[in-house]
Each structure stands twice: as C-alpha cells, then as structure tokens.
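**Student:** Okay, so the sequence shown: first residue is 1 according to the working numbering, each after it adds one.
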Amino acid sequence: GPYCGMMLGDLGADVVKIERPGSGDQSRTWGPPFIGTESTYYLAVNRNKRGMTLNITSPAGRDILYQLIETADVFMTNIATVASLKKYGLDYETLRERNPRLIYASISGYGRTGSRADQFGYDLVSQGESGVMAITGAPGAGPMRFPTPIGDMTCGLFTLIGILAAIEARHQTGVGQMLDMSLQEGQMTWLENYAGAYFATGEEPQQYGNRHPQIAPYEPVQAQDGKWFILGVGSDNTWRKFCEVAGLQAIGNDPRFATNADRVSLYDELMPHVRAAILTRTADEWLDLLRAADVPVGKINSVSEALADPHLAERNFVVDLQHPTLGMLRSLATPIHMSMTPLTYELHPPLLGEHTQQILTELGYSETQIQTLQREQVI
Numbered sequence: 001g002p003y004c005g006m007m008l009g010d011l012g013a014d015v016v017k018i019e020r021p022g023s024g025d026q027s028r029t030w031g032p033p034f035i036g037t038e039s040t041y042y043l044a045v046n047r048n049k050r051g052m053t054l055n056i057t058s059p060a061g062r063d064i065l066y067q068l069i070e071t072a073d074v075f076m077t078n079i080a081t082v083a084s085l086k087k088y089g090l091d092y093e094t095l096r097e098r099n100p101r102l103i104y105a106s107i108s109g110y111g112r113t114g115s116r117a118d119q120f121g122y123d124l125v126s127q128g129e130s131g132v133m134a135i136t137g138a139p140g141a142g143p144m145r146f147p148t149p150i151g152d153m154t155c156g157l158f159t160l161i162g163i164l165a166a167i168e169a170r171h172q173t174g175v176g177q178m179l180d181m182s183l184q185e186g187q188m189t190w191l192e193n194y195a196g197a198y199f200a201t202g203e204e205p206q207q208y209g210n211r212h213p214q215i216a217p218y219e220p221v222q223a224q225d226g227k228w229f230i231l232g233v234g235s236d237n238t239w240r241k242f243c244e245v246a247g248l249q250a251i252g253n254d255p256r257f258a259t260n261a262d263r264v265s266l267y268d269e270l271m272p273h274v275r276a277a278i279l280t281r282t283a284d285e286w287l288d289l290l291r292a293a294d295v296p297v298g299k300i301n302s303v304s305e306a307l308a309d310p311h312l313a314e315r316n317f318v319v320d321l322q323h324p325t326l327g328m329l330r331s332l333a334t335p336i337h338m339s340m341t342p343l344t345y346e347l348h349p350p351l352l353g354e355h356t357q358q359i360l361t362e363l364g365y366s367e368t369q370i371q372t373l374q375r376e377q378v379i
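(1) Can you tell me the Cα-Cα spacing of Val175 and Ala60, whole angstroms?
(2) Assess, as a yes-or-no matter, whether the region 141–148 is touched by the region 66–75 under the definition of 3 or more beta carbon pairs within less than 8 Å.
(3) By the 10 Å Cβ neighbour count, where 16 or more other Cβ atoms means buried, how is Trp239 classified, buried or exposed?
(4) At the level of alpha carbons, what is the spacing between Asn46 and Gly12?
(5) Write down the C-beta distance between Gly380 and Met76 rounded to the nearest angstrom, noting that I regard them as a contact closer than 8 Å.
(6) Please determine if the region 147–154 and the region 119–132 are in contact, where contact requires at least 3 C-beta pairs separated by less than 8 Å.
(7) Helix, strand or coil, according to DSSP, for Ser265 in the structure here?
(8) Under the rule that 16 or more other beta-carbon atoms within 10 Å means buried, what is Lys87, buried or exposed?
(9) Closest to Glu19 by C-alpha separation, out of Ala134, Ile107, Leu65, Ile278, would be which residue?
(10) Can you give the Cα-Cα distance for Met181 and Asn78, rounded to whole angstroms?
(11) Suppose only complete runs of 4+ residues qualify. What are the alpha helix (DSSP H) ranges in the region 70–105, listed by chain order?
(12) Assign Ile336 to one of two classes, buried (16 or more other C-beta atoms within 10 Å of its C-beta) or exposed (fewer than that).
(13) Which same chain residues end up closer than 7 Å to Leu312 when comparing Cβ atoms and leaving out the 5 residues on each side of it in sequence?
(14) Start and end of the alpha helix (DSSP H) containing Trp228?
(15) Buried or exposed for Thr356, please, with buried defined as at least 16 other CB atoms from any protein chain shown within 10 angstroms of its CB.
(16) State buried or exposed for Ile300, treating a residue as buried only when at least 16 other CB atoms are found within 10 Å of its CB.
(17) How many whole angstroms separate the CB atoms of Phe229 and Val297, which I take to be in contact at a CB cut-off of 8 Å?
(18) If we ignore side chains and look at the alpha-carbon of each, how far apart do Asn48 and Pro324 end up?
(19) Could you tell me whether the region 246–266 touches the region 202–219, where touching means 3 or more Cβ pairs closer than 8 Å?
(20) What are the complete alpha helix (DSSP H) segments, minimum 4 residues, inside the region 305–344?
(21) Determine which residues share a DSSP beta bridge with Gln222 and list them.
(22) Who are the near neighbours of Leu85 in its chain, counting only those whose CB is closer than 6 Å to its CB and skipping five residues on each side?
(23) Mapping DSSP to helix, strand and coil, what is Gly51?
(24) Ends of the alpha helix (DSSP H) at Glu168?
(25) Would Gly51 and Pro350 qualify as a contact pair, given that the criterion is a beta-carbon distance under 7 Å?
(26) Which residue comes first and which comes last in the alpha helix (DSSP H) that contains Gly196?
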C-alpha cells in the first residue's frame, strides 16, 4: 500500500495518507536506523503524500473520511479483515453507494475471498508460504529470506497497474470497481520459471545457490584478483563469443556444449573450464574484454557502490527532498521516465498529521470546528 501510494504521488496524484492519531503507521517505528525520530523504512516509501490523522472508529472521523471519498478517484486500504471493513463502514458496497466512480483497492494477506480471507499477512510470511524461501540460497543451507520486502513491493506494483487499468476502464463505463489484491499471490509471481517447470515436470524445485537452473553459464565468477563479477551467457551465440574471448575455442567447438540445454545438462563438467579461464585475468580486464564482445557482464557492487554509480545521477534516479525537521532526505526515484509528462518529486514524507488542518480546511471546516475535533481526539 505505501509503495503503491508513493508511486501514484510520483505520477502526479494528490495522495492523502490517513493514520491513527498519536501513533500513526506502524512502519514509523521500524528501526533502527532512524533519522531523528523517523524510521528510514517509513521515509523510503512515503514521499509525495499529504499526511492526515483520523480516528475512523469514531462517527465524526468516519464522516470526514466519507467526505473525502465522495470526491476521490481511488480509495486504498490494507485493513486486514472484511469484518473490520464492514464494522467501520469502509467495505466496497458502502463506499460505492457514496461514490459510484470510486476505484476501491483492497490489499490484504490472502485476498477478500477464500478460506484464508481473514488471516493476517506480512511480507516474510508470504515469502515462506510462496515457496520463494525454499529455493533461495545455497543447496542444503535451509530456507533463506530475500533481504528486501519483495512481496510488499510486488503487490504494490500490481495494485498500481490495477488502479491505472481501472481508471482507463472508467473512461469507458463511467463507474469504478473493486481491486482485490493478495500479498500471497503477488509474492508467488516470483516463482515464474520455477512454477512453469514444476507444472510441466512435477519435479520439486531446489535451491541452486548462484547458478541458474535453466541457463549456463549464468552466475557470479571469480577472477584472478579475487574479485567477483556476473557472467550472463544467455544464448548460444553469446556462448560462442565468450569462448572466443576467453580462449576456450576447444570447448566452444565441442558439440557436447553446443546448446544451452547441453550446457545445463553438463553443468558440472562445463564450469571447471569456465572458472579456470576466468582466473587468468582480473575482473576489470574481463569486464572490458567481454563488454567489447557484447557478452553481458557486470560488477557485483556493494549497496554504497551501486548507489554511487554516476549513471544513476545522469538519469536523475536519486531524489533529494527537503524535510522540515530532518533536513535533506535522499531516496530512489520511481523508475519510469516519460517524455511528455515526467514524474515529479515535491513532497517530503509527511510528519504525523502534518496536513490534517489543511485538508479539513479544504473540506470547509472552520478553525473552531477543527479545534473541537482535536479536543475530542477525532484527529
């Protein structure tokens, strides 16, 4: 949800993030590291939003939310259960009556239908249940968590796609619709070729470490100076180019290794030759030679090295925003470059309730009414 909302804001939407008064989004507490009192986790996915605190358990709070919904294009929620949504009058049927054009994006652990619809979900839980952890890591090492929240981000991306498609559909129909987004299903899309192979063969996918189960050689390799780099030989033509540069003409001309399927089948016989050849030069020498021959290769960067890549700066992929209490904040842009309507980065991640008064004023509330709402802990 937060990631999807940030991307919508980057694309130009007026995004209002509604949080509990006093405590706010739980991700504000996820740390260290913190900058001041704000979690870097929260700061990473909440730019380009206006922040509002609202007690939706109170009738007055729900009334304010309904006023926002009546003119909104999209309502997005990650409230866990259907029962809770109905309890607070935030289910799709209720909101659709107030705004038939509303696009209602519901994000939950397992979707809003099926036997697990009311179960809670987190990224790590979905990593485990999806099979992703079972195929990540070295053979025999046990299940391994992917270090970034790929399930959360993937579900956010699919939600964004669904919202944009629903907006386009509304141009034709005049009405909105409900998006039922499942963290579990978003996570399972990462199985991709593993799922396809299992459906075709019935064989249980295993941990392969850094090698690829269906392409060879396609993995990190270590050079003479001890540095590692990525070697990506994804086609038979690239294989022939690699062998020519690497001095492996005999292997390249060996019919046993002529096709990718051959190389995968004879992986254990093939790779000692490849690794021995790579040990004859430094990593930088190989990168220069292989790139000149159009063989895909790349450095294995640390996070700091990756973020310092001058190419990213040339493409304006690192965003600086001034924060009212934390100073200059740096984050990664949304990787969409549009020629006519470029993305914009204007609003810092909001302080808790930072724009509540502004939004209520836009709705027509007076200063006295806003003070009453504060006193009654509605906002």
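By construction, the Cβ of each residue, glycine as well, lies at the ideal position given by its N, Cα and C atoms.
**Tutor:** From the atom records:
(1) The sequence position of residue 175 within the sequence shown is 175, counting from 1. The sequence position of residue 60 within the sequence shown is 60, counting from 1. Straight-line Cα distance between these residues: approximately 28 Å.
(2) Verdict: no, contact absent.
(3) Residue mapping note: residue 239 aligns to position 239 of the sequence shown, counting from 1. Label assigned to Trp239: buried.
(4) Numbered from its first residue, the sequence shown carries residue 46 at position 46. Numbered from its first residue, the sequence shown carries residue 12 at position 12. Taking the straight line joining both Cα atoms gives about 14 Å.
(5) Residue 380 lies beyond the residue range present for the chain, which begins at 1 and ends at 379; the question has no answer from this structure.
(6) Yes, since at least three Cβ pairs between the region 147–154 and the region 119–132 fall closer than 8 Å, the two stretches touch.
(7) Stepping through the sequence shown from its first residue, residue 265 is reached at position 265. Here Ser265 carries a helix assignment [DSSP, helix/strand/coil].
(8) To locate residue 87, count along the sequence shown from 1; it is residue 87. Burial call: exposed.
(9) Along the sequence shown, one-based indexing puts residue 19 at 19. The candidate whose alpha carbon is nearest that of Glu19 is Leu65.
(10) Along the sequence shown, read from residue 1 onward, the residue named residue 181 stands at position 181. Along the sequence shown, read from residue 1 onward, the residue named residue 78 stands at position 78. Rounded to whole angstroms, Met181 and Asn78 show a C-alpha spacing of 10 Å.
(11) With a minimum length of 4 residues, the continuous alpha helix (DSSP H) runs that stay inside the region 70–105 are 82–87, 92–98.
(12) Translated into the one-based positions of the sequence shown, residue 336 becomes position 336. Ile336 is exposed by the Cβ-count criterion.
(13) Position 312 of the sequence shown, counted from the start, is the residue given in the question as residue 312. Counting only Cβ-Cβ distances below 7 Å, and skipping sequence neighbours, we find Val318.
(14) Within the sequence shown, the letter at position 228 stands for residue 228. It is not in any alpha helix (DSSP H) - Trp228 instead sits in the beta strand (DSSP E) that spans 228–232.
(15) Within the sequence shown, numbered from 1, the residue matching residue 356 stands at position 356. Around the beta-carbon of Thr356, 16 or more other beta-carbon atoms lie within 10 Å, marking it buried.
(16) Translated into the one-based positions of the sequence shown, residue 300 becomes position 300. So Ile300 counts as exposed.
(17) Position 229 of the sequence shown holds residue 229. Position 297 of the sequence shown holds residue 297. Contact holds; Cβ gap of about 6 Å.
(18) Position 48 of the sequence shown, counted from the first residue, corresponds to residue 48. Position 324 of the sequence shown, counted from the first residue, corresponds to residue 324. Distance between the alpha carbons of Asn48 and Pro324 is about 14 Å.
(19) When C-beta atoms of the region 246–266 are compared with those of the region 202–219, three or more pairs fall below 8 Å, so the two segments count as touching.
(20) Qualifying alpha helix (DSSP H) stretches, in chain order: 310–314.
(21) Residue 222 sits at position 222 when you count from the first residue of the sequence shown. DSSP lists Trp228 as partners of Gln222.
(22) Locating residue 85 in the sequence shown gives position 85, counting from the first residue. Counting only Cβ-Cβ distances below 6 Å, and skipping sequence neighbours, we find Ile79, Asp91.
(23) What you label residue 51 is simply residue 51 of the sequence shown in a count that begins at 1. Assignment of Gly51 by DSSP, reduced to helix, strand and coil, places it in the strand class.
(24) Taking the first residue of the sequence shown as position 1, residue 168 is located at position 168. According to the DSSP assignment, Glu168 belongs to the alpha helix (DSSP H) that extends over 150–173.
(25) On the sequence shown, residue 51 is found 51 positions in, with the first residue counted as 1. On the sequence shown, residue 350 is found 350 positions in, with the first residue counted as 1. Taking 7 Å as the Cβ cut-off, Gly51 and Pro350 qualify as a contacting pair.
(26) By 1-based counting over the sequence shown, the position of residue 196 is 196. From DSSP, the alpha helix (DSSP H) with Gly196 extends over 192–201.
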